[in-house]
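Position in the sequence shown (from 1) plus 15 gives the number in our numbering. Reading through the structure tokens given below for one structure.
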Amino acid sequence: MSTNMNRIERFFNEARSARLNSEMPIKVGAVVVRGSRVIKTGYNAPGKPKFLGSWSRHAEVRATLNINNHGASIYIYREHGLYRSPMLARPCNHCQEWLKFVGIKEAIYTIQDYPYFEVMEIK
Ligand SMILES: [Zn+2]
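Shown next as structure tokens:
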């Protein structure tokens, strides 16, 4: 179990770094992981792209664009701007549909309370 926790901590740290690129007041970062490798990072962004819905600016969608996500996991990190404490980063319904569509198998995201993460099987 400790190995698993190390893994979660490691990829949350990478998602936490990715989120710093965001211009949004609430910054969310995401990393797509296959095996032990991050294959793409993303963060939430303003604006409304033409062909995808407004949810396409969400970090987990941006992290999964234009790559092969089949069988991969996604780690999504959000924290409070002042207190630096984890906040709920559960994918919204549209993002869940998108993640399923592109072949992501599970989402690991921060929550506000101990143990500060949840795992969602995408099916
Ligand atoms: Zn979403």
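No residue lacks a Cβ here, since even glycine has one placed at the ideal position from N, Cα and C. Keep in mind that this is a model prediction, so the values were computed, not measured.
So, at 6 Å on beta carbons, what are the nonlocal neighbours of residue i in its own chain, with the 5 sequence-adjacent residues on each side left out?
i: residue 55; result: 47, 78, 82
i: residue 96; result: none
i: residue 16; result: No answer about residue 16 holds up, because its pLDDT of 48 lies below 50 and its placement is not dependable.
i: residue 57; result: 45, 74, 77, 78
i: residue 106; result: 75, 122
List the endpoints of the continuous beta strand (DSSP E) containing residue i.
i: residue 52; result: 52-58
i: residue 88; result: 88-93
i: residue 44; result: 43-49
Would you kindly report the start and end of the unbroken alpha helix (DSSP H) that includes residue i?
i: residue 77; result: 74-79
DSSP state of residue i, grouped into three classes?
i: residue 105; result: coil
i: residue 119; result: coil
i: residue 133; result: strand
i: residue 35; result: coil
For residue i, I'd like the list of residues in its chain whose CB is within less than 8 Å of its CB, leaving aside the five on either flank, ordered along the chain.
i: residue 115; result: 137, 138
i: residue 132; result: 23, 27, 101, 123, 124, 125, 126
i: residue 103; result: 93, 124, 125, 126, 127
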